[in-house]
Structures are given as C-alpha cells and as structure tokens.
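Visitor:
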Amino acid sequence: MKLLGIETSCDETAAAVVEDGRRVLSSVVASSVEEQALYGGIVPEIASRRHIEAISGVVEKALADAGVTAQGVDAVAVTAAPGLIGALLVGVNFAKGLAFAAGKPLVPVHHLRGHVASLYLTHPGLAPPFLCLVASGGHCHYVRVDDYTHFTVLGRTVDDAAGEAFDKVARTLGLGYPGGPAISAAAQAGSPTAYTLPTPKAPGPYDVSFSGLKTAVMNLANQAAMKGEALDVPGLAASFQQKVADILTDKLMAAAAAAGSRTVCLAGGVAANSLLRQLAAEKAALAGLALKLCALEYSGDNAAMIAAQGYYEYSAGHTAGPALNAWATWPMEEDFSTSRQD
Ligand code: KG4
Ligand code: ZN
C-alpha cells in the first residue's frame with residue numbers, strides 16, 4: 008500500500024511516498040530555514056508563504072520521483088497538528104484538495120507520532136512496544152509506544168523544548184540559527200568542563216526543564232560582557248551541550264527502567280546531535296538495552312515519517328473528511344477522530 012505524505016508544520020515543505028509504512032519511494036524537503044536564519048528564528052508568516060509557493064512543486068516531485076501519480080497512491084496522509092497554525096493549514100488544505108480530487112482517503116497524522124514513525128524507516132524490524140525520546144524544536148517527550156497508534160507520555164519538558172534551548176543559547180552566543188548544528192560545531196573546539204552549569208529541577212521523575220540552563224548561559228554571557236572579559240564560546244557551547252545530553256539520556260534510562268522497556272529510541276531534530284547519540288549508546292549498553300537511533304536524514308522534519316505513520320493510522324481506520332481542521336496543539340495520545348472546535 009502506497010501513501011503520499013505531506014508535512015508543513017514548521018519551516019519545511021515536505022512530501023514523500025512510502026510503501027507499507029516502511030519503504031521510502033521518494034522524499035522531498037524544501038526548507039525556508041536560510042531565510043528564517045536572517046531573523047534568528049522562525050517567522051510564522053514567512054513559513055506559511057513559502058509553503059504556499061513550494062507545496063505544488065514539492066508534491067509533484069515526490070510523486071514523480073516515486074514513479075506514481077496521485078491516482079496511483081492509496082491514501083494521502085497529512086500533518087494536522089501540532090505546529091504553526093498558518094503553516095499547517097497550507098498542507099491540510101492541499102492534502103484535502105488532492106485526496107478528494109483523486110478520490111483517495113485522507114489520513115490526518117500527529118507530527119510527533121510521525122517523528123516516532125521515522126524509526127520504522129530506519130529500522131525495518133522495529134515494532135512496538137518501545138520507549139522513545141522525541142526531542143525537536145517544539146517538543147521534548149518521553150513516550151512509551153504501546154503499539155503503532157497508542158502512546159503513553161511518561162514525561163515532558165515543563166518549559167523549553169530541547170531544540171528550542173539549543174536555538175536560544177546559540178542566539179545568545181552569536182552562533183546563528185538553527186542552534187543545534189551551530190552549537191554542536193562550536194563545541195568541537197571547546198571543553199565540556201569549561202563551565203559548571205546547573206541541572207534544573209523538574210516536577211515529575213521523567214520531566215525535564217531547560218529554562219534555568221538557558222538563563223545560566225545568558226547570565227555568564229552578560230557577566231563577561233559587563234566585565235569586558237572574553238567569553239569562551241566553544242567551551243560554553245560544549246558545556247551546555249554536555250549538560251543537555253546528560254539530562255536527556257539520564258531521563259531516558261530512568262523512563263526505560265520504569266516502563267520496563269528493553270528497547271529505547273531517539274527521534275526528532277535533536278536526535279541528530281552526535282553527543283546525544285553517543286551518550287545514549289553508552290548508557291543503553293551499560294543498562295543492557297537495545298538502542299535504535301533515527302537516521303540523520305529522517306531526524307529533522309520530513310514527510311516520509313508522516314506517510315509511514317499515516318499507513319498505521321489508516322490501518323487503524325483513522326481517516327478524515329473534507330471538514331478536517333488543523334490545530335496548533337493536540338495531545339499525541341489522542342486520535343483526531345474526536346471533534347474539537349479550537
Ligand atoms: O524535528 P525538527 O526538525 O522540527 C520540529 O519539529 O521542531 O527539530 C528542529 C530542532 C531545532 O531546534 C534544531 O536546533 C534542532 O532540532 N537540531 C539539533 C541538531 N540538529 C537540529 N539540536 C541539537 N543538535 C543537532 N545536531
Ligand atoms: Zn518535527
């Protein structure tokens with residue numbers, strides 16, 4: 008069964024064709040990140056406008072690369088939440104038009120469920136249950152994947168998402184946007200013990216908090232500026248990255264133990280971080296757990312993961328009609344079958 012996936016929740020306009028939730032026949036991603044970098048972060052209005060311009064060409068290319076027409080796919084899957092509302096609406100409307108013109112089922116997909124499904128593209132043998140850290144620019148969830156369409160969120164960030172913390176700290180250090188790759192690159196020339204940073208407290212045992220860490224970095228930068236002292240930017244980037252990777256992997260292991268999971272996974276844009284991947288590998292090996300990492304090409308936003316999850320949603324009977332809306336927020340545990348007005 009072939010699904011066309013469409014993703015426009017943030018600054019990537021993406022389309023892909025995936026067979027049976029596992030085999031990627033095509034994956035096209037157009038990003039407005041370079042333009043967004045001029046403003047130091049995402050400007051929602053710009054993201055929406057770039058989606059409008061790019062979506063037709065991106066979908067056409069994904070179909071052509073896969074050697075199919077819209078008539079040749081079995082269903083159209085689209086990210087319906089969460090994300091920038093104006094950006095989501097572009098993808099949802101386009102998917103509606105295409106699905107109904109071609110007479111195909113329309114399958115709404117939760118973006119974070121999509122990030123989880125990116126693991127199926129990378130590891131053909133992986134099947135639930137497993138425990139997954141989904142760490143992106145907007146979210147940071149410890150999720151027990153009970154089966155393909157049932158999820159239990161064990162913990163989450165209580166303030167900034169992990170990627171958001173990277174982005175804000177990179178901005179403070181003058182390293183540009185997006186912050187994750189910039190901090191990672193700068194950290195290579197620095198020592199992870201250059202600065203002692205706090206471990207912010209979080210309410211639940213599997214919750215995380217990054218706001219205090221971000222403030223600590225800002226204070227160090229401000230103090231250095233006020234005293235006219237040079238800031239060790241690579242050292243601060245390395246110390247910050249070490250702290251975030253330590254927090255995320257410690258909680259991953261604790262959540263895995265509590266959930267009784269023998270397999271742990273990393274997905275989402277932040278899962279591209281090489282220190283995070285390395286620490287997760289070391290700690291999983293020590294605990295005797297299997298670790299599955301999302302391939303780098305599917306860690307950031309893409310539509311192959313949406314088509315993959317769409318296959319499982321469709322198989323569970325989760326389709327939508329022409330009144331499908333988009334939502335800036337939506338809990339990943341909840342199916343879209345419930346109608347909601349906001
Ligand atoms: O999943 P994603 O592409 O989009 C969202 O759904 O938000 O994640 C984007 C986030 C950004 O905050 C970016 O700075 C972060 O992922 N990121 C990284 C790395 N590459 C991207 N964070 C840490 N290390 C990286 N290598
Ligand atoms: Zn994402």
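For the sequence shown, our numbering begins at 8 and goes up steadily by one.
Using N, Cα and C, we set each Cβ at its ideal position, and we do this for glycine too.
1) Report back the beta-carbon spacing between Tyr149 and Lys258 to the nearest angstrom; my notes put them in contact at under 8 angstroms.
2) Return the first residue and the last residue of the beta strand (DSSP E) that His157 is part of.
3) Report yes or no: do the region 228-245 and the region 192-204 share at least 3 C-beta pairs separated by less than 8 angstroms?
4) Give me the Cα-Cα distance between Tyr127 and Leu133, rounded to the nearest whole angstrom.
5) So for Ala87, helix, strand or coil by DSSP?
6) With DSSP run on the structure shown, which of helix, strand or coil describes Leu7?
7) Is DSSP giving His148 helix, strand or coil here?
8) Which residues in the same chain as Tyr213 place their Cβ atom closer than 6 angstroms to its Cβ, once the five residues preceding and following it in sequence are excluded?
9) May I ask whether a heavy atom of the ligand KG4 can be found less than 7 angstroms away from the beta carbon of Asn229?
10) How would you label Tyr46, buried or exposed, when you count the other beta carbons within 10 angstroms and need 16 or more for buried?
11) What distance in whole Å lies between the Cβ atoms of Pro210 and Val152, which are believed to be in contact at a cut-off of 8 angstroms?
12) Enumerated in chain order, which unbroken segments of the alpha helix (DSSP H) with a length of 4 residues or greater are wholly contained in the region 57-127?
13) Near Ile49, what residues of its chain come up, given a Cβ to Cβ distance below 6 angstroms and the 5 sequence neighbours on each side ignored?
14) Assuming Ile254 and Thr206 make a contact with CB atoms under 8 angstroms, what is their CB distance in whole Å?
15) Please list the terminal residues of the continuous beta strand (DSSP E) segment that includes Ala196.
16) Work out the CA separation of Ala124 and Asp81 for me, nearest whole Å.
17) Below 8 angstroms between beta carbons: does that hold for Gly317 and His122?
18) With Thr222 as the anchor, note down where its beta strand (DSSP E) starts and where it stops.
19) Should Val176 be counted as a contact of the ligand KG4 given a C-beta to heavy atom distance under 7 angstroms?
20) Cβ of Val114 within 8 angstroms of Cβ of Ala84?
21) Using C-beta distances below 8 angstroms, list every residue in its chain close to His4, excluding the 5 sequence neighbours before and after it, in chain order.
22) Tell me where the alpha helix (DSSP H) around Ser322 begins and ends.
23) Look at the Cβ atom of Leu293, then the Cβ atom of Leu283, and state whether they are nearer than 8 angstroms.
24) Should Asn280 and Gly187 be called a contact, given that it needs their Cβ atoms to be closer than 8 angstroms?
25) Less than 8 angstroms separating the beta-carbons of Ala22 and Val65?
26) According to DSSP, is Arg30 helix, strand or coil?
27) State the DSSP-derived secondary structure class of Leu298, mapped to helix, strand or coil.
28) Rounded to a whole number of angstroms, what is the C-alpha to C-alpha distance between Thr203 and Lys234?
29) Distance check for Phe101 and Ala73, CA to CA, integer angstroms please.
Guide: The answer reads as follows:
1) The beta-carbon separation of Tyr149 and Lys258, rounded to 6 angstroms, stays under the 8 angstroms limit for a contact.
2) Annotation for His157: the continuous beta strand (DSSP E) segment containing it runs His157 to Arg163.
3) Contact between the region 228-245 and the region 192-204 is present, because at least three Cβ pairs lie under 8 angstroms.
4) When rounded, the distance between both Cα atoms is 6 angstroms.
5) Strand at Ala87.
6) No answer is possible for residue 7: it lies beyond the span of the chain, which begins at 8 and ends at 349.
7) Here DSSP, grouped into helix, strand and coil, assigns His148 to strand.
8) Hits under 6 angstroms: Tyr149, Leu161, Gly162, Lys258 and Ala262.
9) Incorrect: Asn229 has no Cβ contact closer than 7 angstroms to the ligand KG4.
10) It counts as exposed.
11) Not a contact, Cβ separation roughly 23 angstroms.
12) For the region 57-127, whole alpha helix (DSSP H) runs of length 4 or above, ordered along the chain, are 92-109.
13) Excluding residues within five positions, the ones whose Cβ falls inside 6 angstroms are Asp18 and Gln43.
14) Their Cβ separation, rounded to whole angstroms, is 6 angstroms, which keeps Ile254 and Thr206 in contact under 8 angstroms.
15) Judged by DSSP secondary structure, Ala196 falls outside any beta strand (DSSP E); it is assigned neither H nor E.
16) So the alpha carbons of these two residues sit roughly 19 angstroms apart.
17) No. Outside cutoff.
18) First-last for Thr222: Ser218 to Lys234, but that is the alpha helix (DSSP H), not the beta strand (DSSP E).
19) Relative to the ligand KG4, even the nearest heavy atom lies 7 angstroms or more away from the CB of Val176.
20) Their beta carbons are under 8 angstroms apart, which means Val114 touches Ala84 by this criterion.
21) For the chain, the structure presents residues 8 to 349; residue 4 sits outside this window and is missing.
22) For Ser322, the enclosing alpha helix (DSSP H) starts and ends at Ala311 to Ser322.
23) With respect to the 8 angstroms criterion, Leu293 and Leu283 are not classified as neighbours on the basis of their beta carbons.
24) Result yes, Cβ atoms of Asn280 and Gly187 sit closer than 8 angstroms.
25) In this structure, the beta-carbon distance from Ala22 to Val65 falls below 8 angstroms.
26) Three-state result, Arg30: strand.
27) For Leu298, the secondary structure class from DSSP, reduced to helix, strand or coil, is strand.
28) A direct Cα-Cα distance of roughly 19 angstroms separates Thr203 from Lys234.
29) Straight through space, the alpha carbons of Phe101 and Ala73 are spaced by roughly 19 angstroms.
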